[in-house]
Each structure stands twice: as C-alpha cells, then as structure tokens.
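Just so we're aligned: 262 in the UniProt record's numbering is position 262 of the sequence shown, and the numbers increase by one with no gaps anywhere.
Note that beta-carbon positions come from the ideal geometry of N, C-alpha and C, so glycine has one too.
Step one of this worksheet: look at the structure below.
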Amino acid sequence: MSVTVRVPAKVNVQLAVGAARPDGFHDLANVFLAVGLYDEVTVTPADELRVTCEGPDAGQVPLDRTNLAARAAVALAERYGRTPDVHLHIAKDIPVAGGMAGGSADGAGALLACDALWGTRASRDELLDICAELGSDVPFSLVGGAALGTGRGEKLTALEVGGTFHWVFAMAERGLSTPAVFREFDRLAEGRDIPEPVASEELLDALAKGDPDALAATVSNDLQPAALSLFPELADTLAAGRAAGALATLVSGSGPTTAFLARDPSSAAKVAEALRTSGTCRSVRTASGPAPGATVLGRPSR
Ligand code: C5P
Numbered sequence: 001m002s003v004t005v006r007v008p009a010k011v012n013v014q015l016a017v018g019a020a021r022p023d024g025f026h027d028l029a030n031v032f033l034a035v036g037l038y039d040e041v042t043v044t045p046a047d048e049l050r051v052t053c054e055g056p057d058a059g060q061v062p063l064d065r066t067n068l069a070a071r072a073a074v075a076l077a078e079r080y081g082r083t084p085d086v087h088l089h090i091a092k093d094i095p096v097a098g099g100m101a102g103g104s105a106d107g108a109g110a111l112l113a114c115d116a117l118w119g120t121r122a123s124r125d126e127l128l129d130i131c132a133e134l135g136s137d138v139p140f141s142l143v144g145g146a147a148l149g150t151g152r153g154e155k156l157t158a159l160e161v162g163g164t165f166h167w168v169f170a171m172a173e174r175g176l177s178t179p180a181v182f183r184e185f186d187r188l189a190e191g192r193d194i195p196e197p198v199a200s201e202e203l204l205d206a207l208a209k210g211d212p213d214a215l216a217a218t219v220s221n222d223l224q225p226a227a228l229s230l231f232p233e234l235a236d237t238l239a240a241g242r243a244a245g246a247l248a249t250l251v252s253g254s255g256p257t258t259a260f261l262a263r264d265p266s267s268a269a270k271v272a273e274a275l276r277t278s279g280t281c282r283s284v285r286t287a288s289g290p291a292p293g294a295t296v297l298g299r300p301s302r
C-alpha cells in the first residue's frame, strides 16, 4: 500500500522583486514555468514519520522534520486529526539548493501523496492553503504548467502557454541559500527606490504565443545580480551558454542553477554539449516546459 507522486521543477522566466516587507518577505511578480525534471515522492504507512532520499544529490537533503515533505505530512495530518505515521521516500532528480524549487516539489508531492493514501479528500483550495504555509513556491509545484505568482509568490494565476519551450540547465558546484540571496538583494538595493513588482505584458504575450524569440527578449530575474554577487563564477557559465547559441541566459530563481533558452531540441542539445565541456558547471540537463504539476502515479492498493 503506497502512493507515488511525480512533481516538476520550475524556472522563473520573470522574477520581479519589490522592497522587503515588514515580515521580511518580498512582494514578487513571479512568472513560473514548470519544466520536465521531476522528483518522485512515495508515501507508505509506517510506525512513525521517516524520510529517505535517493539520487545524485541525496546526501545534501535533510532527512529530519525540517524536510518540506515531512512538514507537509505533519500539516495535513494535523488538519485531519491523525498522526503522520508514514515513510516518505524521495527519488530526487531536481538539483538541491538550486533555485528550481526541488524542496518545494517534495512538499507538494508529499502533500498530494498523503492526501491520496489517507483518503482525506481535501479540496484543491485546502491543499493550496497548506502549500502556501509550507513555502512561497510550494503552491506552484502543486499546480505546474505556467502561472503568475504574486504576494510572496504564493497567490497564483494560471497562464496560457501556446507552445513548448526548450531549456538547458547547468548545475553549479555548490548551492546558494534563498534567504542569503534575498538579503544580498536588499543590500544591493540599499538607498535605491524599488518599484512595485509587475509582470511584463510582453513576456506574458510571448508565453501565450509559444514564441521562444519573444520570450528570450523579455526574460528577467531581479535576483540575478544578488546571485552573481554571491557566486561570481556563474557569469562564466552564463557566458559559455550565450557563446553556444542560447537565445537567453538567466539564473533560475535564487540560483545557482543557470537556465538557457533554446529555439528547438537540437539547439538545446548543442548548448548542453558546449556547457558540459566548458568546465564552468557540475552537470547539465535539458528539459522542456510547460510540464504538468504534481501527479499521482500510483493509487493505494486497498
Ligand atoms: O517561502 P520560502 O520558505 O520558500 O522562503 C524562503 C526564504 O526566501 C524566506 O525566508 C525569505 O528570506 C526569502 N523570500 C523572500 N520573499 C519571498 C519569498 C522568499 O524574501 N517572496
């Protein structure tokens, strides 16, 4: 008796960041695109809550109750008056601490898996509320596709996407902490007026048309200068991808994973090969988006 849920990674095609709020968070206009790199979360009844993880980055994943998958199981169990006595196993393919919402994916995946295993039948809105409590990016991991996130990124509006976008992702030698990147954003912004974050109409139009050239002309990430300030070597990775013919290059979210938009799968393969041999990153993956949100692969065999 177990349930497996598959959850995608994301890239932010626009990340507009406002000034720090009194609660320390930042208002965002965050255009998420889910891409086909996935974690799988399997939940099985157990004597007590336990988390295990497999995959190339598994050693960096916390296996205690700070893991977002564990926190999701606890949050759902509390709401439905039961104990979170499950074994959560994460098959991890999304880079850890990479700015691709890998931890958020595991939170959304565990939530949906526990909901299916326990037959709680929580409504979509209830699940989204719990996701928002777990973290700013977790609601998007549940819904996937493409969406505009406002507030701290958790208030979602689904976006139309008129085609498939092809991406290359370069994983860095080390991770970056999201709070540290936001703190660096604040430091770099000191003494400057920070405008209200708004989504770019041209970018939303490019997504709706499925036009990679138009998207390339409009992608932006306000956290990129902060990520580059903390991790200057990322500039070499971006330059290597640009030289190999990527239409656009950017840091994914708070980084340090870098993202390269390609016109089609063959040019994505070319950019990927150039990055692999550039010596500027740890590993390279290709993936396209939009990808579906958290999806139950197995049903309880009861
Ligand atoms: O919401 P989440 O737990 O993913 O956020 C991690 C950290 O990133 C926060 O503690 C905060 O430092 C920063 N953050 C922010 N503004 C946001 C989202 C995240 O400052 N909108």
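Residue i: CB within 7 angstroms of a non-hydrogen atom of ligand 1
i, result
"H166", "no"
"D137", "yes"
"G81", "no"
"G119", "no"
"L28", "yes"
"F140", "no"
"G152", "One point to set straight first is that residue 152 is Arg, not Gly, in the sequence displayed. Yes, the Cβ of R152 comes within 7 angstroms of a heavy atom of ligand 1."
"G24", "yes"
"P179", "yes"
"F32", "no"
"F182", "yes"
Proximity of residue i and residue j at Cβ, strictly below 8 angstroms
i, j, result
"M100", "S283", "no"
"C114", "A70", "no"
"F231", "P256", "yes"
"L234", "T258", "yes"
"G36", "A291", "yes"
"A214", "L261", "no"
"S177", "A97", "yes"
"A146", "T157", "no"
"V3", "L128", "no"
"C203", "V31", "Strictly speaking, residue 203 in this sequence is Leu, with Cys absent from that position. A contact, by the Cβ cut-off of 8 angstroms."
"L112", "A75", "no"
"S252", "F169", "yes"
"D64", "A105", "no"
"A122", "V43", "no"
"A240", "T280", "yes"
"I94", "A9", "yes"
Cβ neighbour criterion (16 or more within 10 Å) applied to residue i
i, result
"L297", "exposed"
"S141", "buried"
"R82", "exposed"
"P139", "buried"
"A268", "buried"
"S254", "buried"
"R285", "buried"
"P212", "buried"
"A287", "buried"
"P22", "exposed"
"S301", "Because the pLDDT of S301 is 41, which lies under 50, any placement of that residue in the model is unreliable, and the number read from its coordinates should be weighed accordingly. Counting Cβ neighbours within 10 Å, S301 comes out exposed, since fewer than 16 surround it."
"L154", "Before going on, a small fix: residue 154 reads as Glu here, not Leu. E154 should be labelled buried."
"P84", "buried"
"V5", "buried"
"D193", "exposed"
"P62", "exposed"
"M1", "exposed"
"P195", "exposed"
"P56", "exposed"
"A46", "exposed"
Nearest-angstrom beta carbon gap, residue j and residue i [assumed within contact, 8 angstroms]
i, j, result
"N67", "V86", "That pair is no contact at about 12 angstroms."
"A16", "D186", "15 angstroms between Cβ atoms; not a contact."
"T150", "L247", "Between L247 and T150 the Cβ distance is about 27 angstroms, and since that is not below 8 angstroms, they are no contact."
"A108", "A227", "The Cβ separation is near 24 angstroms, so there is no contact."
"L188", "S136", "The pair is not a contact, with the Cβ atoms about 20 angstroms apart (cut-off 8 angstroms)."
"L33", "V7", "Between V7 and L33 the Cβ distance is about 15 angstroms, and since that is not below 8 angstroms, they are no contact."
"R152", "F25", "4 angstroms"
"F165", "G289", "6 angstroms"
"V143", "L88", "The Cβ separation is near 21 angstroms, so there is no contact."
"L207", "L159", "6 angstroms"
"K209", "G162", "5 angstroms"
"K92", "E48", "About 22 angstroms; that fails the 8 angstroms criterion."
"L223", "V271", "Not a contact, Cβ separation roughly 22 angstroms."
Limits of the beta strand (DSSP E) - the one that residue i falls within
i, result
"I90", "86 to 91"
"C53", "50 to 54"
"D27", "26 to 45"
"R276", "Note, R276: premise wrong, no beta strand (DSSP E); alpha helix (DSSP H) at 265 to 276."
"V7", "3 to 20"
"residue 323", "Examination of residue 323 is not possible in this model, given that the chain is present from 1 through 302 alone."
Residue i, enclosing alpha helix (DSSP H) - first and last residue
i, result
"E126", "124 to 134"
"residue 317", "Because residue 317 is not part of the residues shown, which for the chain are 1 to 302, the question remains open."
"F140", "138 to 143"
"P225", "224 to 230"
"T237", "234 to 243"
"residue 306", "No statement about residue 306 is possible, as the shown extent of the chain runs from 1 to 302 and does not include it."
"S200", "Taken as a continuous stretch (DSSP letters only), S200 belongs to no alpha helix (DSSP H), as it is neither H nor E."
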